[in-house]
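Residue numbers (the working numbering): 67 to 436. Comments concern the structure below.
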Amino acid sequence: MGSKRLKYSDIEGLAKKNPFKKGIIDLLEPLSKNLLKYRLKIVPESLHEPAALIDFLDYDFYLAFKTDGIGTKSLIADKMAATMRQEKNRSPREIIKLYAGLGIDLIASNVNDLICLGATPIAISDEIAMGDYHKFLDQELVKGLYTGLKKGSLEAGITIPCGESPTQVDIIYPDAINVTASAIGIVRPKSKVVLGQDLAAGDAIFALLSNGIHTNGLSLARKIVQKLPKGYFTKFGRTTVGEELLKPTRIYVKPVLEMLNCGVKIHYMSNISGSAFRKIARAQKDLTYVIEKIPKVPGILKFLQNLEGMPDREIYETWNMGLGFVIFAPPSEESLMARICRKYKVGFMKIGYVTHGRRQVIIKPNNIVF
């Protein structure tokens, strides 16, 4: 549709972010020395992981720490809520439901990263920032967000002891919100840490399936949907395009922690978020990841891909395409892992294997190499 096809990199400017991230990591080396006087130490191997680890040198545990948000997903809820308020037959519950999903997304985006290191999530501190104070008087929005935060916290087994709700006039648009949080978890004892130290050729690649777009690639999705005459209210099966995009991110804490506690020999884990299938090769090792099977693609993602005419290569590094969370483990662990995932009603499948070679992801069914 249109004369110029959209690219996610055009919207997000991903290439421009990398120098900043690299600069921050370089800055950490001298700053980390500040912790030594407290008998604390940053675990250097964690700096390329989705959460950082702080080593309490006199005790047998690591503290895991991270910050994340839900990107531009809130703009979809805002847009739909504004339209629904103009329709007399709409119930406040429908609007509350839109925002409740965002609260769950916020929990998921943080705890799904913490568990990658073998950490048990403990708590988050949320920041719900508004562009105008009157936005905080929106009862459906506020009730929805905190309903979702509660539901997500119960699912992840965490608490929310603190948070912040600033009004950032002129930084955030008056009708917009920015939803972020910081989270902590604990690895205890230290021997349970997962940093890819045992990841090796011969390991199998197992997938815990996604239930939709989750929280990444929404900027591109929004741009595509804006071209539809009915926008987010375009019919999609029994729901609408907007409702599909607002499906809450799946939380993988329970099955993953049970695997760890049951003694599954997990060698590495990766939460499939930004960069999608490229995240399979997140470990800082010279290994090749061969994908032999791909999950069933969520219908909404296939719909958007076809609508925009995006090639597979671009889409598999933008949206999760059915892949929610990846675990690397010996092939012999498959049966126990599958049984645990069935218990929690999380889709599970073996998708490939790790082999010797340069660091890359080979998606055989689509003839794609990252």
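For each residue, glycine too, the CB sits at the ideal point set by N, CA and C.
In the three-state reduction of the DSSP assignment, T281 falls in the coil class, being assigned neither a helical nor a strand state.
Beta-bridge analysis with DSSP links C228 to S191. By alpha-carbon distance to I271, the top candidate from K359, V412, K411 is K359. Here N244 is near A195, since their CB atoms are less than 8 Å apart.
Out of Y318, G89, N372, the CA that lies nearest to the CA of E221 is found in Y318.
For L261, no alpha helix (DSSP H) run applies, since DSSP gives it neither H nor E.
Cβ contact annotation for L164 (same chain, cutoff 7 Å, sequence separation greater than five): A143, M146, A147, G210, L312, in chain order. Around the C-beta of F394, 16 or more other C-beta atoms lie within 10 Å, and the residue is accordingly described as buried. Remark: C-beta atoms of S276 and C182 do not approach each other more closely than 8 Å. Counting C-beta atoms within 10 angstroms of its own C-beta, I366 has 16 or more neighbours from the protein chains shown and is therefore classed as buried. Short of 7 Å from the beta carbon of D126, and not among the five residues preceding or following it, lie these beta carbons of its own chain, in chain order: R254, P255, K256.
Judged by pairs of C-beta atoms under 8 Å, the segment 340 to 358 touches the segment 417 to 427, as three or more such pairs exist. The segment 312 to 378 contains, as complete alpha helix (DSSP H) runs of 4+ residues, the segments 319 to 327, 365 to 374 (chain order). DSSP, read as helix, strand or coil, puts H200 in helix. When the alpha-carbon of T138 is set against those of M403, V412, D269, I238, the nearest one is in I238.
Less than 8 Å separates the beta-carbon of P187 from that of G223. A distance below 8 Å separates the beta carbons of Y355 and A347. Non-local C-beta neighbours of S339 in its own chain, meaning closer than 6 Å and more than five positions away in sequence, comprise N282, ordered along the chain. Annotation for M387: no beta strand (DSSP E) segment contains it, and DSSP assigns it neither H nor E.
Closest option to T225, judged by alpha-carbon separation, among Q234, P240, A242, A249: A249. Rounded to whole angstroms, the separation of the alpha carbons of N433 and I173 is 35 Å. Here Y104 carries a helix assignment [DSSP, helix/strand/coil]. For K103, the closest alpha carbon among the candidates L123, L373, I190, K331 is that of L123.
In the DSSP assignment, T233 falls outside any beta strand (DSSP E), carrying neither H nor E. If you draw a straight line from the Cα of Q371 to the Cα of E400, it is about 32 Å long. Looking only at F131, K368, R304, the smallest Cα-Cα distance to I381 is reached by K368.
Its chain contains L294, T306, V307 as the residues whose beta carbon lies nearer than 7 Å to that of T300, once the 5 sequence neighbours on both sides are disregarded; these appear in chain order. Its chain contains G184, K258, I332 as the residues whose beta carbon lies nearer than 7 Å to that of L326, once the 5 sequence neighbours on both sides are disregarded; these appear in chain order. Going by DSSP, I142 is part of the alpha helix (DSSP H) stretching over 139 to 151.
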